[in-house]
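Here is the structure we will look at, set down as structure tokens.
Numbering (the numbering used here), first residue to last: 78 to 189.
Structure (structure tokens):
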């Protein structure tokens, strides 16, 4: 499936702008269907499954490298056979297009 978000780049958000509305977030969510809106549409989250701890740890490390390169950092939890990634733009206390770009990139890393 083609994903227009993968053709975009995460750009620095300086704050001072409103977060996406629920309707806007739902439009972006259509391009990242494995993700869920959380906390009244203030963040998106997805859980990933792996065969063992090392696969989960390697995936988390890959997401960390992606985040550092983009200057946009998720909340990540992981353990044996699982990882959870949540994106939010903390400067605006909600969602921005950048979060969906990073979700699409996270999916790409996972092989989705």
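The C-beta atom is built at its ideal place from N, Cα and C for all residues, glycine as well.
Exposure of residue 86 is indicated by the presence of fewer than 16 other C-beta atoms within 10 angstroms of its C-beta.
DSSP places residue 127 in no beta strand (DSSP E); its state is neither H nor E. Residue pairing by DSSP places residue 113 opposite 122 in a beta bridge. Under the 10 Å beta carbon count, residue 103 is surrounded by fewer than 16 other beta carbons and is classified as exposed. For secondary structure counted as the alpha helix (DSSP H) over 4 or more consecutive residues, the region 152 to 188 holds these complete runs in sequence order: 174 to 187. Burial check for residue 182: the Cβ neighbour count within 10 Å reaches 16 or more, so the residue is buried. Residue 185 is classed as exposed because its beta carbon has fewer than 16 other beta carbons within 10 Å across all chains shown. Annotation for residue 157: 129, 130 and 133 place their beta carbon closer than 8 Å to its own, counting only its chain and skipping 5 residues before and after.
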